[in-house]
Structures are given as structure tokens and as C-alpha cells.
Amino acid sequence: MKKTTLFAIPLLAALFLSSCKDDRMGDEVKSIDPVKIDSVNIPKDSMAVTSTMKIWTYSNLQSKCEGFYGYDYIHVDEFTRNVTSYKFKTDAQCGDQVTRYQEIRFQPQKVGNYTFKFWNGKDSGGQNVWIQKNIKVY
Numbered sequence: 001m002k003k004t005t006l007f008a009i010p011l012l013a014a015l016f017l018s019s020c021k022d023d024r025m026g027d028e029v030k031s032i033d034p035v036k037i038d039s040v041n042i043p044k045d046s047m048a049v050t051s052t053m054k055i056w057t058y059s060n061l062q063s064k065c066e067g068f069y070g071y072d073y074i075h076v077d078e079f080t081r082n083v084t085s086y087k088f089k090t091d092a093q094c095g096d097q098v099t100r101y102q103e104i105r106f107q108p109q110k111v112g113n114y115t116f117k118f119w120n121g122k123d124s125g126g127q128n129v130w131i132q133k134n135i136k137v138y
């Protein structure tokens, strides 16, 4: 028993005192930037107030080094929403370009005609380009 204890104590000490690095090379986020929304899928052009509709946005990202970060969802006015998608980029070696989709759950609280503008990049003059979609809420 004494020999086992003498062996176990240094082993346990070595395990506890050694540094554990829980991140891998390439996991560090280097930047967060807007990414253009290439297309939008809205299943219906009308819906009932307080019901929920899923809206899917599609963007091209580099596999292995980029991913979806989040949306900037701005209420421009009572019935207009501007949506910009953001990506993160890591230190990892990038792979092929892939199309990824994300979901927005829209649950209107008022009857009206809603206009969604999804950021699609900038034109040659540096002006924002938007994909516009309308949803009638009854």
C-alpha cells in the first residue's frame, strides 16, 4: 500500500501541475466582419399576427476558418427591418467556399406590411445594396 501511495502522489502532482491548454491552433477569432447575404428564403408572403415564421438567409463562407457570428437586426421604423449578417474568422487554414444558412424567427406583434432589407454588400460606388422582401401581417 505504501509503494502504491508513493507512486500515486507524484503521478497526481504531475497531472495537476501540468498546464492544460484547451484551445487548438486556429481556434482564435481574428476578426468579425459583415458578410453579404446572397439569398433569402421566406416561405410565405403573409402571416397571422403573433404567429412565428422562419426566415432563412444564405451566405458564402470559407470552410474551416469562417463561421456565422450573428445578425444586426435594426428596427428602422414600425414596419421596416434592416438585417446584416456577421461572420467570424479564425487563425485556422481556410478550406473551400461553402454556402451556409442561418435562421431568423419573425414574430410580429402588429398588423401591417413589413419590409425586410437584407444586406447584400456594396456596389461599385460604395453604396449599400439590399435584398428587399415584404411580408403582409393580418
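Position one of the sequence shown corresponds to residue 1 (the UniProt record's numbering), numbered consecutively onward. Don't be surprised by glycine CBs; every beta carbon is placed ideally from N, CA and C.
Asked	Found
C-beta atoms of I55 and I42 nearer than 8 Å	yes
Whole-angstrom distance between N82 and V76, CA atom to CA atom	7 Å
Contacting residues, own chain, Cβ-Cβ under 8 Å from E28 (five flanking each side not counted)	T90, D91
Where E78 falls: helix, strand or coil (DSSP)	coil
Buried versus exposed, by CB contacts within 10 Å (16 or more), V35	buried
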